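The sequence shown begins at 202 in this note's numbering and counts up by one. Every residue, glycine too, gets a C-beta built ideally from N, C-alpha and C. All figures in this text were calculated on a predicted structure; none of them were measured in a lab.
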Amino acid sequence: MADPSPPARVAVTESAAALLRELTAQHGPLMFHQSGGCCDGSAPMCYPVGMFLTGPGDVRLGALDVGLDDPVEVFMSAAQFEYWKFTHLTIDVVSGRGAGFSVEAPTGMRFLTRSRMLEAMELTHLGLR
Numbered sequence: 202m203a204d205p206s207p208p209a210r211v212a213v214t215e216s217a218a219a220l221l222r223e224l225t226a227q228h229g230p231l232m233f234h235q236s237g238g239c240c241d242g243s244a245p246m247c248y249p250v251g252m253f254l255t256g257p258g259d260v261r262l263g264a265l266d267v268g269l270d271d272p273v274e275v276f277m278s279a280a281q282f283e284y285w286k287f288t289h290l291t292i293d294v295v296s297g298r299g300a301g302f303s304v305e306a307p308t309g310m311r312f313l314t315r316s317r318m319l320e321a322m323e324l325t326h327l328g329l330r
């Protein structure tokens, strides 16, 4: 029996996936960059692919399967990742106005990140213990 695939660092709720499907129909393929603070707090910022450029200072946390051809990739700055590397993130959505830079802002909904500490098995699989 083959080793199971490593645990995911990021997930998405069905309600957030539904909004991502709607937004993809309007804007094309999307991606997230988990904000580290400042003017947009710590919200996951959603952009059309190519509108926010990632580079060597960013870590790819994973890709969300939201039921479309293209998964929604999720990134975070490498410096912030050092603080969050023991954490699993779930992208969710709630009513309310979010940051003006994220594509969901005009919808009256906003993405948010729910987090939990990685479990022992996840830590082992990710090489963190």
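Between residue 209 and residue 268, the CB-CB gap reaches or exceeds 8 Å.
DSSP places residue 302 in the coil class of the three-state scheme, outside both helix and strand. The alpha carbon of residue 213 has as its nearest neighbour, out of 227, 232, 226, 228, the alpha carbon of 232. Looking only at 249, 313, 235, 296, the smallest Cα-Cα distance to residue 228 is reached by 249. Put simply, the backbone Cα of residue 323 is about 32 Å away from that of residue 223.
Between the alpha carbons of residue 261 and residue 277 lies a gap of roughly 7 Å.
Under the 10 Å beta carbon count, residue 296 is surrounded by fewer than 16 other beta carbons and is classified as exposed.
Scanning its chain for C-beta atoms nearer than 6 Å, with the 5 sequence neighbours on each side dropped, one finds around residue 234 the residues 246, 253, 276, in chain order.
A Cβ-Cβ contact shorter than 8 Å links residue 244 with residue 312. When DSSP states are grouped into helix, strand and coil, residue 252 belongs to the coil group.
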